[in-house]
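Colleague:
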Amino acid sequence: MTENPTPDDDALRRFLEEALGGAIPEGALDGVDLSELAKQANLPSDPAMLKAAAAQMQHVLNAQGEGPVNWTLAQDLSRRTAQGTVQVPGAPAPGGTPGDPSPSDQQIKELEEAANIASLWLADAISFDLPSRPLEVWTRGTWLHRTQERWQSIVEPVAKYMAGAIGEAMTAQMQQAELQLPGDPGQMMERMGGTLFGVQFGHAIGSLAREVFGTTDLSLPLGPEGRPALVAANVADLVESHGLDAPAARIFLAARELAHTALFSSASWLPRALFSAVEDYARGITLDLDALDEMVRDLDLSDPSALQARRPEEMFVFTRRASQERALEELATTLALVEAWVDHVTSQALAGKLPQLDALREVLRRRRASGSPAEEMLSKTVGIELRPRRVREALAWWESVLDTEGEQARDGKWAHPDLLPDVAVLSGRPQAPATDAPALAADGQSEEAEEAMALPDDIDAELAKLLDEAGSADSGSADGSEGSADGSDGTSSDGTSSDGPVSDGSSPDDSPSDDDPRS
């Protein structure tokens with residue numbers, strides 16, 4: 003600060019005081035080189051532009067309110083994104099039905115009839131009680147409104163830990179550089195983080211409102227408990243974009259929504275477990291300081307609206323600890339089991355009754371594999387991800403359970419989380435849990451082959467016995483051949499070892515990962 007402040011310095015001082023809502027104590031800016039600060043922050047030199055920028059920033063920050071996410075901003079962005087007037091940064095322009103039209107009387111009638119048919123067919127395929135409430139037909143805006151409470155419970159734990167990581171990182175950076183800024187820099191960055199999270203989740207949730215068919219597409223219970231619903235405009239978009247049989251598509255989507263709702267209502271522990279896994283994933287999260295430095299250098303404080311033009315994943319980069327990776331694996335496994343069970347039971351219920359069933363299943367599989375920008379953001383920040391390969395493995399497991407134990411036992415696996423397989427089971431060859439019948443070994447050998455390979459209790463005695471038998475055979479052999487014709491030397495007639503199956507040269511590590519295109 004010079005002894006005789008220039009008008010530019012006065013303008014910069016007013017900008018900071020106004021932008022930060024009067025949080026700067028008197029005299030706190032003395033000795034601060036405001037010109038250099040403005041240069042680093044890409045601030046304009048025009049006092050009028052500075053004043054307008056300060057008003058914009060103060061509006062954004064003051065709208066933060068309580069909690070780690072600026073939900074006022076998020077809700078406004080999600081509503082406009084759902085209507086198609088705003089798009090996710092870096093994503094294609096929104097397609098499908100323009101705006102957010104209300105469902106017509108005809109659409110409501112057709113979807114309600116589809117749900118009635120799906121309910122009749124599902125009743126014969128699952129052991130759970132189907133929802134007693136009739137299917138509701140929503141607009142995209144209704145979907146946003148009815149799922150808002152669930153989204154807040156999912157997002158806020160993650161944003162809380164992220165905001166704390168941002169504040170701690172900034173404070174540490176300031177202390178290391180021996181910089182003294184007015185106010186609490188950590189608290190200021192937490193508030194800024196809440197604004198950025200509002201932008202991220204507003205875009206993502208609004209984009210999902212244009213894509214989802216019901217309240218359970220992500221295998222999470224997002225809507226009110228026990229109330230199945232479909233978004234009419236999105237169902238119509240799916241039918242038109244893929245040239246599907248409209249009545250069949252409506253029944254198929256209604257059956258999936260009803261099956262999901264029945265599962266979440268019957269397994270009361272399941273929603274709590276899913277949401278707890280999200281919080282476990284977020285706990286202990288740390289911030290990538292190098293990425294933060296780059297983000298701050300590129301941030302134009304004179305244009306707060308520019309925050310909305312940044313790709314969400316560019317804003318903050320967080321690192322995961324081992325405990326978070328475990329929580330993420332558990333979450334991905336449970337989501338895959340939910341999705342695979344619904345696919346399994348609806349396919350059973352609709353097989354032979356619904357035209358284009360295989361085509362409809364394939365459409366959803368492709369959507370799941372490709373993922374949208376909104377789903378990508380949720381995967382990176384909240385950990386919600388349906389992994390195609392994990393879903394396929396879970397589907398094979400459910401089918402094996404049905405084949406060996408039956409429908410009642412299959413659905414009974416949802417009575418407690420300990421009855422469900424973990425990631426180690428699903429990542430191998432899925433096998434049904436033990437039943438009254440002898441189970442096959444994981445490598446496909448029969449029970450007899452396992453017994454042949456089993457070691458005797460008294461190894462020394464058995465070894466001596468085998469040596470005695472071998473000596474007798476050598477002395478009594480007429481043709482002088484070693485061993486016996488049945489391969490008692492440990493090698494069978496086809497050249498394979500009796501110690502176990504011949505390896506095909508592969509190992510569990512050779513299987514493609516979830517991100518491998520071979521999967």
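In the numbering used here, the protein residues as written are 3 to 521.
Idealized CB from N, CA, C, for every residue including glycine.
Please read all numbers here as calculations on a predicted model, not as lab measurements.
(1) I'd like to check one pair, Leu146 with Ser221: are the Cβ atoms closer than 8 Å?
(2) I need the DSSP call for Glu170, collapsed to helix, strand or coil.
(3) Hey, Arg212 and Arg152: beta-carbon distance below 8 Å or not?
(4) Among Leu75, Arg328, Leu397, Leu422, which has the Cα closest to the Cα of Ala206?
(5) I think Glu387 touches Ser429, with their Cβ atoms under 8 Å apart; what is that distance to the nearest whole Å?
(6) Does Glu227 come out as helix, strand or coil in the three-state DSSP assignment?
(7) Helix, strand or coil: which one does DSSP assign to Glu409?
(8) Taking Trp73 as the reference, give the member of Ser121, Gln150, Gly408, Leu255 with the closest Cα.
(9) If you pair each beta-carbon of the region 416-429 with each one of the region 360-375, do three or more pairs fall below 8 Å?
(10) Using only the alpha-carbon positions, how far apart do Pro357 and Val384 sit?
(11) Counting pairs of beta carbons, one from the region 223-242 and one from the region 130-144, are three or more of them closer than 8 Å?
(12) Grouping DSSP H, G and I as helix and E and B as strand, with all else coil, what is Val139?
(13) From this set, Leu330, Ser129, Glu281, Ile119, which residue's C-alpha is nearest Gly408's C-alpha?
(14) Output needed for Arg412: all residues of its chain with C-beta closer than 7 Å, excluding positions within five of it in sequence on either side, in chain order.
(15) Got a sec? Which residues, its chain only, sit under 6 Å from Asp476 by beta carbon, not counting five neighbours each side?
(16) For Pro390, which of Leu397, Asp102, Thr263, Ala371 has the nearest alpha-carbon?
(17) Please look up how many angstroms separate the CB atoms of Leu224 and Thr217, rounded, as I've assumed it's under 8 Å.
(18) What's the call for Ala353, buried or exposed, on a 16-neighbour Cβ count within 10 Å?
(19) Ala84 to Thr406, Cα distance in whole Å?
(20) Are Glu331 and Val393 closer than 8 Å when you measure CB to CB?
(21) Which same chain residues, not among the five before or five after Gly282, have their C-beta less than 7 Å away from its C-beta?
(22) What residue range is occupied by the uninterrupted alpha helix (DSSP H) comprising Arg363?
(23) So if DSSP puts Thr321 in a beta bridge, which residue, or which two residues, is it bridged to?
(24) Three or more beta-carbon pairs under 8 Å between the region 239-255 and the region 113-129, yes or no?
(25) Going by the beta-carbon positions, is the gap between Ala351 and Leu137 smaller than 8 Å?
(26) Answer with buried or exposed for Ser448, where buried requires no fewer than 16 other C-beta atoms within 10 angstroms of its C-beta.
(27) Measure from the alpha carbon of Leu422 to the alpha carbon of each residue in Pro103, Ala376, Leu339, Ser325, then state which is nearest.
(28) Please state the DSSP three-state secondary structure of Val427.
(29) By a C-beta neighbour count over all protein chains shown, 10 Å radius and 16 as the cutoff for buried, is Lys355 buried or exposed?
(30) Taking buried to mean at least 16 other C-beta atoms within 10 Å of its own C-beta, is Trp271 buried or exposed?
(31) Taking Gln89 as part of the alpha helix (DSSP H), name the residues at either end of that continuous run.
(32) Round the Cβ separation of His346 and Leu397 to the nearest angstrom and send it over; I've been treating them as touching at under 8 Å.
(33) In its own chain, which residues sit with a C-beta less than 8 Å from the C-beta of Gln77, not counting the 5 before and 5 after it?
(34) Report yes if the CB atom of Met379 is closer than 8 Å to the CB atom of Gln154, and no otherwise.
(35) I'd like to know if the region 234-241 and the region 92-104 are in contact, where contact means that at least 3 CB-CB pairs between them fall below 8 Å.
Modeller: Looking at the atomic coordinates:
(1) no
(2) helix
(3) no
(4) Leu75
(5) Rounded, the Cβ-Cβ distance is 16 Å, inconsistent with contact.
(6) coil
(7) helix
(8) Gln150
(9) no
(10) 37 Å
(11) yes
(12) strand
(13) Ser129
(14) Trp400, Val403, Leu404
(15) Annotation note: pLDDT 47 at Asp476 (below 50); position unreliable, no value reported.
(16) Ala371
(17) 5 Å
(18) exposed
(19) 45 Å
(20) no
(21) Checking the displayed sequence, the identity of residue 282 turns out to be Asp instead of Gly. So the list reads Ala329, once near-sequence residues are dropped.
(22) 359-372
(23) Thr288
(24) yes
(25) no
(26) No answer about Ser448 holds up, because its pLDDT of 36 lies below 50 and its placement is not dependable.
(27) Leu339
(28) helix
(29) exposed
(30) exposed
(31) Gln89 -> no alpha helix (DSSP H), and no H or E assigned at all.
(32) 6 Å
(33) Leu146, Gln150, Gly204
(34) no
(35) yes
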